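2 protein chains.
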Amino acid sequence: MLIASRTGVRIGRAASEAVTDVSGIAEVARLAGVSKSTASRALGGTGYVSEETRQRVHQAAASIGYVPSTSAVSLATGRTQNIGVVMPYVNRWFFAEVLEGIQQVLLAQGLDLTLYDAKPGTEGRNRIFEDFLARKRFDGLIAVGLEPDHQELDRLVAIGRPIVSVVGSSNVTTVVEIDDDHVARRATEHLIALGHRDIAFIGGGLSTHWAQVDRRRLDGYLNAMKTAGLSDHVRHIYSDVTLPGGYASAVDALGEARGRPTAIVATCDEVAIGAIIAARRLGVQVPSDLSVIGIDDHEFADMFALTTLRQTPREQGRVAVQLLLEHLDDPTQPPKTVRMTSQLVVRNSTAALDPRASAVAIDGRRRGGL
Amino acid sequence: MLIASRTGVRIGRAASEAVTDVSGIAEVARLAGVSKSTASRALGGTGYVSEETRQRVHQAAASIGYVPSTSAVSLATGRTQNIGVVMPYVNRWFFAEVLEGIQQVLLAQGLDLTLYDAKPGTEGRNRIFEDFLARKRFDGLIAVGLEPDHQELDRLVAIGRPIVSVVGSSNVTTVVEIDDDHVARRATEHLIALGHRDIAFIGGGLSTHWAQVDRRRLDGYLNAMKTAGLSDHVRHIYSDVTLPGGYASAVDALGEARGRPTAIVATCDEVAIGAIIAARRLGVQVPSDLSVIGIDDHEFADMFALTTLRQTPREQGRVAVQLLLEHLDDPTQPPKTVRMTSQLVVRNSTAALDPRASAVAIDGRRRGGL
DNA sequence: TTGAAAGCGCTACCAC
DNA sequence: GTGGTAGCGCTTTCAA
Numbered sequence: 011m012l013i014a015s016r017t018g019v020r021i022g023r024a025a026s027e028a029v030t031d032v033s034g035i036a037e038v039a040r041l042a043g044v045s046k047s048t049a050s051r052a053l054g055g056t057g058y059v060s061e062e063t064r065q066r067v068h069q070a071a072a073s074i075g076y077v078p079s080t081s082a083v084s085l086a087t088g089r090t091q092n093i094g095v096v097m098p099y100v101n102r103w104f105f106a107e108v109l110e111g112i113q114q115v116l117l118a119q120g121l122d123l124t125l126y127d128a129k130p131g132t133e134g135r136n137r138i139f140e141d142f143l144a145r146k147r148f149d150g151l152i153a154v155g156l157e158p159d160h161q162e163l164d165r166l167v168a169i170g171r172p173i174v175s176v177v178g179s180s181n182v183t184t185v186v187e188i189d190d191d192h193v194a195r196r197a198t199e200h201l202i203a204l205g206h207r208d209i210a211f212i213g214g215g216l217s218t219h220w221a222q223v224d225r226r227r228l229d230g231y232l233n234a235m236k237t238a239g240l241s242d243h244v245r246h247i248y249s250d251v252t253l254p255g256g257y258a259s260a261v262d263a264l265g266e267a268r269g270r271p272t273a274i275v276a277t278c279d280e281v282a283i284g285a286i287i288a289a290r291r292l293g294v295q296v297p298s299d300l301s302v303i304g305i306d307d308h309e310f311a312d313m314f315a316l317t318t319l320r321q322t323p324r325e326q327g328r329v330a331v332q333l334l335l336e337h338l339d340d341p342t343q344p345p346k347t348v349r350m351t352s353q354l355v356v357r358n359s360t361a362a363l364d365p366r367a368s369a370v371a372i373d374g375r376r377r378g379g380l
Numbered sequence: 011m012l013i014a015s016r017t018g019v020r021i022g023r024a025a026s027e028a029v030t031d032v033s034g035i036a037e038v039a040r041l042a043g044v045s046k047s048t049a050s051r052a053l054g055g056t057g058y059v060s061e062e063t064r065q066r067v068h069q070a071a072a073s074i075g076y077v078p079s080t081s082a083v084s085l086a087t088g089r090t091q092n093i094g095v096v097m098p099y100v101n102r103w104f105f106a107e108v109l110e111g112i113q114q115v116l117l118a119q120g121l122d123l124t125l126y127d128a129k130p131g132t133e134g135r136n137r138i139f140e141d142f143l144a145r146k147r148f149d150g151l152i153a154v155g156l157e158p159d160h161q162e163l164d165r166l167v168a169i170g171r172p173i174v175s176v177v178g179s180s181n182v183t184t185v186v187e188i189d190d191d192h193v194a195r196r197a198t199e200h201l202i203a204l205g206h207r208d209i210a211f212i213g214g215g216l217s218t219h220w221a222q223v224d225r226r227r228l229d230g231y232l233n234a235m236k237t238a239g240l241s242d243h244v245r246h247i248y249s250d251v252t253l254p255g256g257y258a259s260a261v262d263a264l265g266e267a268r269g270r271p272t273a274i275v276a277t278c279d280e281v282a283i284g285a286i287i288a289a290r291r292l293g294v295q296v297p298s299d300l301s302v303i304g305i306d307d308h309e310f311a312d313m314f315a316l317t318t319l320r321q322t323p324r325e326q327g328r329v330a331v332q333l334l335l336e337h338l339d340d341p342t343q344p345p346k347t348v349r350m351t352s353q354l355v356v357r358n359s360t361a362a363l364d365p366r367a368s369a370v371a372i373d374g375r376r377r378g379g380l
């Protein structure tokens, strides 16, 4: 096709451009026998147009397959009909799910989605904050798990467009999130209720990005342990917040039977699943030797029979768009925080503590303590 | 805003727009003591401007933090400085990797990325092809594993913008891909060289989307088997092309020792890893009882010691952008096909066939044959 | 209810 | 080298 155009492009080009040229709103107006303004009104649904003209204009538009030029519309109205989405990763379950939720409602609304992949510590991230966002090629912004630093936050505010954060813990923008502290606490309490005492927390620490979320979940774990009088049993296994990260850290931490926790609270399902795979590899039976609980309800959770606290990032994405659109309609609305609920899904990775295992664990602890 | 504007916004509007107005190129020009045209030339880098004026203009621009209006620029130049990316999934390793590769070079080039998530069989996909793409909010398009049907392909061509496909098998657009047939053949040959005869292929079939890629890989497997005189040993285990899909199908297929293949070629690493997890679950030792080879070199491959044929989707994404930009520079270029190489990565999921296992397998086959 | 005309902010052509 | 000026394609007053 392109090859063909090689020989006689001049003509092809000219012709094709002529076709495009001619199919503007002016042509629609001409065909319908009205003025540009009337055509615009008829098409846009704004202002008074007689039903008859409206139909005539619409037919004319349809007949030439009229599609308004987005840049012309944007220039004239100040609206881009486009939403920007900034996130640090797109290759992790949570982020991909949120993105799909966002995309889904944006498509239904006829709005475009411009993606900014702001991976922490990259040159690309700098450029996004320095150059890309300033272009304001969007009517509003959704920031997913961004955790911007001070400077970045300033930039964000400076663009002067409505922003909704998903997992943002921001007091300046509207936020959609779950109560991380509370969720981690419930996860820990589930284990405590099963009789576990030597419960470790795995996650956060190696990676810098999830710091805030991880910190809150760690706090939830610590609070639950403290409340149960188990502060002495607290243990934090540092791990990258990825499946292989959880695997690697768990392989290290679960190697010897002595001192091994009887249960693990993972900062998210990916880490939990990594830990389960590690346990299997080490011959540690889940859940009889080791209980594991996660947070997410990841798409792999079912396959690993993982007990977890379900969150629905896709829904969070949908809600984020909704809030953003509301704000676009009425910019006077103050920022709000929407807390999504989360539900315990019990599968088969957690079980009541085996008395013998307990004895070993307690023994291990004693030895460690002495 | 809209509500407000009805009552008395006139003022608010005017004021706020005035502020925006003032930081346009006209203001830059005024500050630099030159005309708008000169300012434009100085900023755009096009046309003759004395070094001195250029500096003065740039300073003026910097002093007020001038950022050109993208819609105005687009309208005037016909260029959007934006690239559209259409893909059916964003939550699968391959697609996420390609997307990151694309984003990476786009960011470096100062180009925006508009994402269209065209999940097969959804209303959203229809809207993308019917409405969104027709808006041409982009200078070019990258289609990743899209496998459009006839009608969709027509739409694609109709938008009249350059297109590059990643995994597209298209004769109308430029394509970046690996040689799926060849890669699957090499995977199969690796197993044959290790002495395996009962080699099954797992993948494709349940899902419709990957049909073409899967078909090509299946063909590669079939060809290798045929060449080795093993056509009688051919077996296709149908599986969804996901990790849980591979797991579920493998659990079904590997249940009984009799008739169990001694080796598996998976259509991709996700399926391969699913199969490995299933094998472990069933007490089938990998690689002593079962060899598994994949295609991808997925981020989990190392953790499962998976032997695989590496492909680098991120690089494919980068190359796709490069090709697109070249085409944008010189639209007369005919479409081409770029084949990325792929390399065998031997880890520990494949091993030479154990004579005893072979006997059992052959026995099983015999029984099946009678 | 409709049409004329004035921009939206920028580029690019054409004189100077 | 530089400065007018005419659009890019659409929306939106303002009059009619």
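Going down the list, the protein sequences come from chains A and B. Sequential numbering of the first sequence, starting at 11, is according to the numbering used here. Sequential numbering of the second sequence, starting at 11, is according to the numbering used here. The beta-carbon is built from N, C-alpha and C at its ideal position, and this holds for glycine as well. Keep in mind that this is a model prediction, so the values were computed, not measured.
- A Cβ-Cβ separation of about 6 Å places HIS200 (chain B) in contact with ILE303 (chain B) under the 8 Å criterion.
- Counting only Cβ-Cβ distances below 7 Å, MET313 (chain B) has contacts in chain A at PRO254 and TYR257, in chain order.
- Linking LEU240 (chain B) to ALA267 (chain B) through their CA atoms gives a straight-line distance of about 20 Å.
- In the three-state reduction of the DSSP assignment, LEU123 (chain A) falls in the strand class, which pools E and B.
- At least 8 Å separates the CB of GLN119 (chain A) from every CB of chain B.
- Fully enclosed beta strand (DSSP E) runs of no fewer than 3 residues occupy 92 to 97 of the region 33 to 115 of chain B, in order along the chain.
- The three-state reading of DSSP puts GLN332 (chain B) in helix, counting H, G and I together.
- The three-state reading of DSSP puts MET235 (chain B) in helix, counting H, G and I together.
- Chain order gives the chain A residues near ASP141 (chain B) as GLY120, where near means a beta carbon separation below 8 Å.
- LEU319 (chain B) carries a strand assignment under DSSP once its states are collapsed to helix, strand and coil.
- Each residue's CA atom was taken as its position, placing ALA315 (chain A) and ILE35 (chain A) some 58 Å apart.
- Proximity of chain A to GLN114 (chain B) at the Cβ level (cut-off 7 Å) is accounted for by GLY134, in chain order.
- In the three-state reduction of the DSSP assignment, VAL356 (chain A) falls in the coil class, being assigned neither a helical nor a strand state.
- Within the same chain, Cβ atoms closer than 6 Å to the Cβ of GLU157 (chain A) are found at GLN222, the five residues on either side in sequence being excluded.
- Counting along the chain, the unbroken beta strand (DSSP E) around VAL154 (chain B) starts and ends at 150 to 154.
- Taking one beta carbon from each stretch, the region 280 to 294 of chain A and the region 256 to 265 of chain A have 3 or more pairs nearer than 8 Å; the two touch.
- About 3 Å separates the beta carbons of GLY230 (chain A) and ALA194 (chain A), which is inside the 8 Å limit, making them a contact pair.
- With contacts defined by Cβ atoms closer than 8 Å, THR317 (chain B) and VAL348 (chain B) do not form a contacting pair.
- If only complete runs of 3 or more residues are kept, the region 254 to 284 of chain B shows the beta strand (DSSP E) at 273 to 276, in order along the chain.
- Chain A has a Cβ within less than 8 Å of the Cβ of VAL77 (chain B).
- Under the DSSP assignment, ASP306 (chain A) falls in the beta strand (DSSP E) whose first and last residues are 301 to 306.
- Three or more Cβ pairs drawn from the region 145 to 154 of chain B and the region 171 to 180 of chain B lie within less than 8 Å of each other, which places the two stretches in contact.
- At least one CB of chain A lies nearer than 8 Å to the CB of THR124 (chain B).
- Cβ contact annotation for HIS68 (chain B) (same chain, cutoff 8 Å, sequence separation greater than five): ALA52 and LEU53, in chain order.
- Beyond the five residues adjoining it in sequence on each side, HIS206 (chain B) comes within less than 7 Å, by CB distance, of THR272, ALA273, SER301 and LEU363 in the same chain, given in chain order.
- For HIS246 (chain A), the uninterrupted beta strand (DSSP E) segment begins and ends at 245 to 249.
- A residue is called buried when at least 16 other Cβ atoms come within 10 angstroms of its Cβ; HIS160 (chain B) does not meet this threshold and is exposed.
- In the DSSP assignment, ILE202 (chain B) falls within the unbroken alpha helix (DSSP H) covering 190 to 203.
- Residue burial annotation: THR351 (chain B) is exposed, with fewer than 16 other C-beta atoms found within 10 angstroms of its C-beta.
- Boundaries for ALA128 (chain B): no alpha helix (DSSP H) harbours it, and the DSSP string shows neither H nor E there.
- Distance check between PRO345 (chain A) and each of A:VAL115, A:ARG66, A:VAL182 and A:HIS246 places A:VAL182 closest, using alpha-carbon atoms only.
- For ILE202 (chain B), same chain residues with a beta-carbon under 6 Å away, outside a window of 5 residues either side, are ALA238 in chain order.
- The Cβ atoms of VAL177 (chain A) and GLU187 (chain A) lie closer than 8 Å to each other.
- The Cβ atoms of CYS278 (chain B) and VAL251 (chain B) lie closer than 8 Å to each other.
- Considering only A:ARG270, A:ASN358, A:ASP306 and A:ALA71, the residue with the shortest C-alpha distance to ALA276 (chain A) is A:ASP306.
- Beyond the five residues adjoining it in sequence on each side, ARG270 (chain A) comes within less than 6 Å, by CB distance, of LEU264 in the same chain, given in chain order.
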